[in-house]
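Here's the structure we're looking at; comments come further down.
In structure tokens, the structure reads:
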């Protein structure tokens, strides 16, 4: 059973399009995260939700909008995609907020042309 | 802001060799973690350190939390080909995990 799953695994799209990435965790965790990993493999947190409430919102363009319909899901919607948005996006979850043991999904590889 | 330096950036070694990598920071942390990312996968937690000076092992991996709480090292003994991947230090500020820039490890048979 996959603990943290993301769809799609690959996403290739044109500049200006709007796209969504979905994340689900079946660990019963309260907290979920979105990270961005750039081409140099640098991992940076973008957002965190605890019990469907936003608790971390780093300096991310407002074209990125997370949505948590319930504790087990955290989706990421991106409007007006730009070339610089190309990266690998990882979803993660943890038992509670700021807990060090975070479980990561397999990543979504986004390529904007 | 706090600076996190991880070194070396990459290592290319032969199977059987020991490996050492470290992270230093300008800030003090209460928890220091080490993650490994296999190619095409998400990071996986290897070792968590909670006390300054703590030395913890996980199989062939050993990590220490520096006494000043500003640094940590990870050692891998007798490396094998499946050790290939990117290793990240990730101290926890209590707000979020701060990932280092990673050490890419390549192991040749």
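Protein chains in written order, with the numbering used here: chain A, 1 to 113; chain B, 1 to 109.
Don't be surprised by glycine CBs; every beta carbon is placed ideally from N, CA and C.
Source: prediction; values computed, not measured.
Within its own chain, the residues whose Cβ lies closer than 7 Å to the Cβ of residue 8 of chain B, once the five positions on either side in sequence are excluded, are 21, 103, listed in chain order. Between residue 5 of chain A and residue 24 of chain A, the gap from beta carbon to beta carbon is short of 8 Å. Annotation for residue 104 of chain B: the continuous beta strand (DSSP E) segment containing it runs 103-108. Contacts between residue 14 of chain A and chain B, judged by CB atoms closer than 9 Å, are missing: the closest CB pair is about 25 Å apart. For the 8 Å CB-CB criterion, residue 91 of chain A and residue 111 of chain A do not form a contact.
Straight-line measurement puts the Cα of residue 45 of chain A at about 21 Å from the Cα of residue 70 of chain B. Within chain B, the C-beta atoms nearer than 7 Å to that of residue 105 of chain A come from 42, in chain order. At least one CB of chain B lies nearer than 8 Å to the CB of residue 101 of chain A. Short of 6 Å from the beta carbon of residue 109 of chain A, and not among the five residues preceding or following it, lie these beta carbons of its own chain, in chain order: 10, 88.
Here DSSP, grouped into helix, strand and coil, assigns residue 84 of chain A to helix. Residue 70 of chain A sits in a strand when the DSSP states are folded into three classes. When secondary structure is reduced to three states using DSSP, residue 71 of chain B falls in the strand class. If you draw a straight line from the Cα of residue 50 of chain A to the Cα of residue 56 of chain A, it comes to about 9 Å.
For residue 43 of chain A, the nearest beta carbon of chain B is closer than 8 Å to its own beta carbon.
Under the three-state reduction of DSSP output, residue 91 of chain B falls in the strand class.
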